[in-house]
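Numbering (my numbering), first residue to last: 8 to 373.
Where a beta carbon is used, it is the ideal one built from N, C-alpha and C, also for glycine.
This structure is a prediction, so every number in the text was calculated from the model and none was measured.
Take a look at the structure below.
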Ligand code: NAD
């Protein structure tokens, strides 16, 4: 497969690593291989100005190595800005393991991967991501201290999803304050798309606030279970975007704001946990033109990151809550800055994150 890839036209168009579309001044990219366990992994360290590069490990059956490389480059860059905007002393990193998490993952493979993480002496700190569980992180912990998101039984912070949901709720309230002049969600109709770990936890906050909640999920059985549990309305159609609602909360998958959906969207606010909700940057501009307030995903879904950060900083639960509540202030500030400067909230958020990194860099140079 490798020979096939390097003989493909892509190589003639772009240099294999630094020439990749997703390459954005990454500091270090580490290719890890172990014959015995058939581990093939790539660790991407995007930026360590603010602190060690933290980001989860994703195990995915990538079609080829280009796809894996571009994923790790893109995701590690995203982590830099997520940490920076959240005010954490962390850089951005990510790792990908090439393979099917259901059939290819073994304790030996995870341990070997952990050894590679350990060889970086803390410059990269790993965590759970798609295809990984807290038990996998427990195995990684056997060979390196540079891992967070291990189970509570092993002294970790456990499942980050409830805190992610709390952060999304804070971001949603800030968006409501900006749009309606009040952050009270009582009586607002909110559609939650995807009621997995985060979506379900979000429902609880919304109901407590008195919002009118409707939920959707491709897993019909799960949808009904969650619907019965919280006594909320179910949406079982295929066109959530055209439905009348005040707030759309994407908590399933990315790129749901795209050319097909954007003109259907009736919501006035979009605030959810899914990563990379805008298919392209121009969709952010289109939302703004339609008067739809978009709370940047990488800002309001940082609650999970704040949760694992507690393991590094050894801060208590109260501090984690305080940092997560602060997502409200940052979101409001970003929305106001964006409006004042005539840019999208995503652009304003990226600018703020980059300013923080540059400030620290200047201090380090002094
Ligand atoms: P999850 O896998 O527990 O839940 C996702 C849910 O979405 C599932 O119930 C699934 O059936 C449903 N779903 C998938 N495709 C769908 C579709 N097309 N329409 C409707 N429902 C669909 O995932 P999660 O941990 O709840 O995370 C949700 C999203 O938030 C993901 O995009 C994730 O990357 C992002 N996120 C999660 C965290 C976290 O702490 N878990 C942190 C940051 C970002």
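Within the chosen definition, does the stretch 332 to 343 reach the stretch 224 to 241 through at least 3 CB pairs nearer than 8 Å?
no
Span of the alpha helix (DSSP H) around residue 242:
For the purposes of this step, residue 242 is taken as the residue at position 235 of the chain shown. Segment: none, residue 242 is in no alpha helix (DSSP H) and carries neither H nor E.
By Cβ distance, which residues of its chain are closer than 8 Å to residue 56, with the 5 residues on each side in sequence left out?
As a working mapping, residue 56 is identified with position 49 in the chain shown. Cβ neighbours of residue 56 beyond the five flanking positions: 98, 364, 367, 368 and 371.
Which term fits residue 260, buried or exposed, when burial requires 16 or more other beta carbons within 10 angstroms of its beta carbon?
As a working mapping, residue 260 is identified with position 253 in the chain shown. Burial call: exposed.
Tell me, please, which residues DSSP counts as bridged to residue 196.
Taking the first residue of the chain shown as position 1, residue 196 is located at position 189. Its beta-bridge partners are 219.
For the ligand NAD, I want to know if residue 225 counts as a neighbour, meaning its beta carbon is within less than 8 Å of at least one of the ligand's heavy atoms.
For the purposes of this step, residue 225 is taken as residue 218 along the chain shown, with counting starting at 1. Indeed, a heavy atom of the ligand NAD lies less than 8 Å from the Cβ.
Cβ pair residue 242, residue 272 closer than 9 Å
For this step, residue 242 is matched to residue 235 along the chain shown. For this step, residue 272 is matched to residue 265 along the chain shown. Their beta carbons are not under 9 Å apart, which means residue 242 does not touch residue 272 by this criterion.
CA nearest to the CA of residue 135, picked from 172, 48 and 147:
Position 128 of the chain shown holds residue 135. For residue 135, the nearest C-alpha among the options comes from 147.
In or out: residue 88 buried (at least 16 other Cβ within 10 Å) or exposed?
Here residue 88 refers to the residue found at position 81 when the chain shown is read from its first residue. With 16 or more other Cβ atoms within 10 Å, it is buried.
If you draw a straight line from the alpha carbon of residue 280 to that of residue 21, how long is it in whole angstroms?
What you label residue 280 is simply residue 273 of the chain shown in a count that begins at 1. What you label residue 21 is simply residue 14 of the chain shown in a count that begins at 1. Roughly 33 Å separates the two Cα atoms.
Residue 200, buried or exposed, once every other Cβ within 10 Å from all chains shown has been counted against 16:
Numbered from 1 along the chain shown, position 193 holds the residue referred to as residue 200. Result: buried.
Any idea which residues DSSP pairs residue 35 with across the strands?
Locating residue 35 in the chain shown gives position 28, counting from the first residue. Bridge partners of residue 35: 52.
Who pairs with residue 40 in a beta bridge, going by DSSP?
One-based indexing of the chain shown puts residue 40 at position 33. Note: residue 40 sits in a beta bridge opposite 47.
Residue 75 and residue 131 look like a contact to me (Cβ under 8 Å); what is the Cβ gap, rounded to whole Å?
One-based indexing of the chain shown puts residue 75 at position 68. One-based indexing of the chain shown puts residue 131 at position 124. Not confirmed; about 16 Å, so no contact.
I believe residue 48 touches residue 104 by the beta-carbon criterion, under 8 Å. Please report the beta-carbon distance rounded to the nearest angstrom.
Counted from its first residue, the chain shown places residue 48 at position 41. Counted from its first residue, the chain shown places residue 104 at position 97. The Cβ separation is near 5 Å, so the contact holds.
Nearest to residue 71 (by Cα), restricted to the options 106, 37 and 43
The residue you call residue 71 lines up with position 64 of the chain shown. The candidate whose alpha carbon is nearest that of residue 71 is 106.
Tell me which residues share the same chain as residue 41 and place their Cβ nearer than 6 Å to its Cβ, disregarding the 5 neighbours each side in the sequence.
By one-based count along the chain shown, residue 41 stands at place 34. Same-chain partners within the cutoff: 119.
Return yes when at least one heavy atom of the ligand ATP lies under 8 Å from the C-beta of residue 168, else no.
Questions concerning the ligand ATP fall outside what the structure shown contains, since the ligands it does hold are the ligand NAD.
In DSSP terms, what residue 351 is bridged to
Taking the chain shown and counting its residues from 1, one reaches residue 351 at position 344. In the DSSP output, where bridge partners are listed per residue, residue 351 has none listed.
Quick one: what's got a C-beta closer than 6 Å to residue 95's C-beta in the same chain, skipping five residues either side?
On the chain shown, position 88 is the one that residue 95 refers to. Same-chain partners within the cutoff: 316.
Per DSSP, what kind of secondary structure is residue 13 in: helix, strand or coil?
Locating residue 13 in the chain shown gives position 6, counting from the first residue. Because residue 13 carries a pLDDT of 44, less than 50, the predicted location of this residue cannot be relied on, and the following value inherits that uncertainty. Looking at residue 13 - three-state DSSP - the assignment turns out to be helix.
Mapping the DSSP letters down to three states, classify residue 324 as helix, strand or coil.
Along the chain shown, one-based indexing puts residue 324 at 317. In this structure, residue 324 counts as helix in the three-state DSSP scheme.
Look at the alpha carbon of residue 296 and the alpha carbon of residue 353, and state the distance between them as a whole number of angstroms.
As a working note, residue 296 is residue 289 in the chain shown. As a working note, residue 353 is residue 346 in the chain shown. Cα-Cα distance, rounded: 14 Å.
Residue 109 versus 285, 24 and 65, residue with shortest Cα-Cα distance
On the chain shown, residue 109 is found 102 positions in, with the first residue counted as 1. Here the closest residue by C-alpha is 65.
Any heavy atom of the ligand NAD closer than 8 Å to the Cβ of residue 140?
Residue mapping note: residue 140 aligns to position 133 of the chain shown, counting from 1. No, since every heavy atom of the ligand NAD falls outside the 8 Å radius drawn around the Cβ of residue 140.
Check: residue 90 C-beta below 8 Å from any heavy atom of the ligand NAD
As a working note, residue 90 is residue 83 in the chain shown. It does not: the Cβ of residue 90 is nowhere closer than 8 Å to a heavy atom of the ligand NAD.
How is residue 104 classed by DSSP in three states: helix, strand or coil?
Translated into positions along the chain shown, residue 104 becomes position 97. DSSP places residue 104 in strand when its eight states are reduced to three.
Separation of residue 85 from residue 24, as counted between CA atoms
Taking the first residue of the chain shown as position 1, residue 24 is located at position 17. Taking the first residue of the chain shown as position 1, residue 85 is located at position 78. Answer to the nearest angstrom: the Cα atoms are 18 Å apart.
Looking at residue 282 and the ligand NAD, is the gap between the Cβ and the nearest heavy atom below 8 Å?
Within the chain shown, residue 282 is the residue found at index 275, counting from 1. Flag set: Cβ of residue 282 near the ligand NAD.
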